[in-house]
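Following: one structure in structure tokens, then a few remarks.
In the numbering used here, the protein residues as written are 63 to 788.
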């Protein structure tokens, strides 16, 4: 008995050891370190102490000799097993290296590769229960002069030649030259001289690090700075230039300073190939593909674009859901999900589109299934493109239901529409559901493009397609979701908000809405044009839509979670509900779809209030048996008094037209002179709202006083008075 007990205990110990060993998980990650992350944190910024290196890292596995490498042991996936010990070691180092880890027993460590060559590093957790090995290549910068001289192996590649030719014309390639020749921020305010300063060099050149000798621009410029008198370009280039507001002013297109650069400095005097792919001297001399890096990771861009206080695009992006696509690793391998759940997949998709072909298995082979991010280079092609802002893909011709996107509608926002659209044709999906109830009965989470354009809901034969609220926005999604945002409080610079969200810390971000809707503070300040939900009160548009959603939900079958049914397992709930409540099964199916269509749009009608209200009211009327006009049509022409009045700086003007008409709304001053034409186009019947921001035809702010607004439409004319008070 004792022997049996001993054997059992021994087996238990073996099993526990076996389970522990195989429940570990460790992934060695090279971590990017932007100036913002390295500093004391956004929005503050603390420069490195005087006389110490500027240790920024792109997160690449190809790094500059003498530059700090940041490593992390990622143990996500270890489950309940607690990881208690870490051990970092060098499997091998280049001859002569004395590199050491900052603390070999922590989960995050650093080391500085002191000679060129390959560093094979290993991390082990819980006494080597699991290990992971990776290779870091340290090299030096060679810069780029001509393609043949700098990249001889690629000179014969048509694809590479095209990328190189495109890059040469980009702002990345030319910004340092433009800065040194007085072509940046040149205006009346700078006395028609270009603004530039030494701090700009760090991001406008390749591999900048003034104290580390690896061929980068900073070191070449700084050599001799400690001499007496200083002999380096770094400390002499600005001598004699006027200084204003901390910036040096360079005469426009004056190349005197630029001509003082040495050939070596000119080679790294741009945001060149090595800025994004790592120092390439070893790669160029050996043609070893393992000695250069290719990645779509945002760390490459954030070495400059996450640099408080002036450059915070990376900080904004880091707060977005684009930065952490949690489902990408699992979803990217599914054809139905590819390419929107994976950044590298979207790049392959856009490359194929640019080449005028469809994606193939060869494109799929280039996808990194673990890339969990929609990063900077997913949307922007750093090699250059014909699109503004280096956007990869700004066009979408047709939605999945066959709807042709009207020319010019959406602008830059068409890029967003490639992923933020329904994956199914609603007509096909709803008809199929009427015959056999299937799982996931909704337009797959994000039908924002369909909603914005006014299509792909079940319209009950009402011919609502094309009905839209914001179709006139120049850049569609981008106009509101990427409005200009103050970089930091009390700092004058603004940048496009790459966070994308329309709320922050519980506060609506309505900066992109103010020009049309006036001085609103939240979405609830935008009033509905009538009582959408029929409760006897006219509230804000979002509250009215929420009311409609609540009323419709109360008339639909719900599952165990309390939400309208979407899964086949609950199909009998739908059939029984239809029978019990004497509602047509087909009507119930269509109304379920419309409810989910609106809820998955996630805007409570903001993307397209007219279409949202129309399909919800139609659905609600049919399931309740109480007929409701989708969008009540005014019986007469009417021009309402502007609100607010008096106003500053914007006011809203409402008018009703009972039929499709050519409408013109013009603002006049007290002398009868045209100040601004607000509308001059054909408009559909309905209630309409427009806004005037107190600016004239030239975009200049007008003075305080009395103004008149006049409408003419299909024989109807009316004029009302308003007052601008500053």
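From the three backbone atoms N, C-alpha and C, an ideal C-beta is built for every residue, glycine too.
The structure displayed is predicted, hence computed values, not measured ones.
- Minimum Cα-Cα distance from residue 336 among the listed residues 223, 318, 212 corresponds to 212.
- Secondary structure note for residue 744: its beta strand (DSSP E) is the uninterrupted segment 736-745.
- Residue 170 sits close to residue 133, with the two beta carbons spaced by under 8 Å.
- Straight-line spacing of the CA atoms in residue 776 and residue 726 works out to 10 Å.
- In the DSSP annotation of this structure, the continuous segment of the alpha helix (DSSP H) that includes residue 260 starts and ends at 260-266.
- Contact between the region 554-565 and the region 376-386 is established, with three or more Cβ pairs separated by less than 8 Å.
- Annotated three-state conformation of residue 254 is coil, per DSSP.
- Only residues of its own chain outside the window of five on either side were considered, and among them 728, 730 have a CB closer than 7 Å to the CB of residue 736, listed in chain order.
- The alpha-carbon separation between residue 557 and residue 376 amounts to approximately 11 Å.
- Taking the Cα of residue 529 as reference, the smallest distance to any Cα among 544, 512, 543, 536 is reached at 512.
- Three or more beta-carbon pairs drawn from the region 534-542 and the region 470-490 are found closer than 8 Å, and the two stretches are therefore classed as touching.
- DSSP places residue 753 in the uninterrupted beta strand (DSSP E) bounded by 748-754.
- Two segments are said to touch when three or more pairs of C-beta atoms, one from each, lie closer than 8 Å; by this definition the region 629-640 touches the region 490-509.
- With contacts defined by Cβ atoms closer than 8 Å, residue 591 and residue 374 do not form a contacting pair.
- Where residue 100 is concerned, the enclosing alpha helix (DSSP H) starts and stops at 97-100.
- It is roughly 27 Å from the alpha-carbon of residue 484 to the alpha-carbon of residue 690.
- For the pair residue 241 and residue 286, the Cα-to-Cα distance works out to about 23 Å.
- The bridge partners DSSP lists for residue 655 come to none.
- Residue range 131-136 is occupied by the beta strand (DSSP E) that includes residue 136.
- With a cutoff of 8 Å on beta-carbon distance, residue 783 and residue 768 are scored as near each other.
- Residue ranges of uninterrupted alpha helix (DSSP H) with 4 or more members, entirely inside the region 566-609 and ordered along the chain, are 576-579.
- The alpha-carbon separation between residue 778 and residue 655 amounts to approximately 41 Å.
- Residue range 633-642 is occupied by the alpha helix (DSSP H) that includes residue 639, with no beta strand (DSSP E) assigned at that position.
- Only residues of its own chain outside the window of five on either side were considered, and among them 310, 311, 312 have a CB closer than 7 Å to the CB of residue 303, listed in chain order.
- DSSP, reduced to helix, strand and coil, places residue 380 within a helical segment of the structure shown.
- Pairing residue 177 with residue 435, the inter-Cα distance amounts to about 33 Å.
- Less than 8 Å divides the Cβ of residue 353 from the Cβ of residue 344.
- Counting along the chain, the unbroken alpha helix (DSSP H) around residue 336 starts and ends at 335-339.
- The shortest CA-to-CA distance from residue 401 to any of 366, 416, 440, 734 is the one to 440.
- For residue 138 and residue 88, the gap between their C-alpha atoms comes out near 7 Å.
- Judged by DSSP secondary structure, residue 90 falls within the beta strand (DSSP E) whose first and last residues are 89-93.
- For residue 658, the CB contacts under 8 Å within the same chain, skipping 5 residues up- and downstream, are 503, 504, 505, 626, 628 in chain order.
- DSSP, read as helix, strand or coil, puts residue 279 in helix.
- A direct Cα-to-Cα measurement between residue 163 and residue 150 gives close to 7 Å.
- Remark: C-beta atoms of residue 547 and residue 378 approach each other more closely than 8 Å.
- When the alpha-carbon of residue 453 is set against those of 459, 442, 463, the nearest one is in 442.
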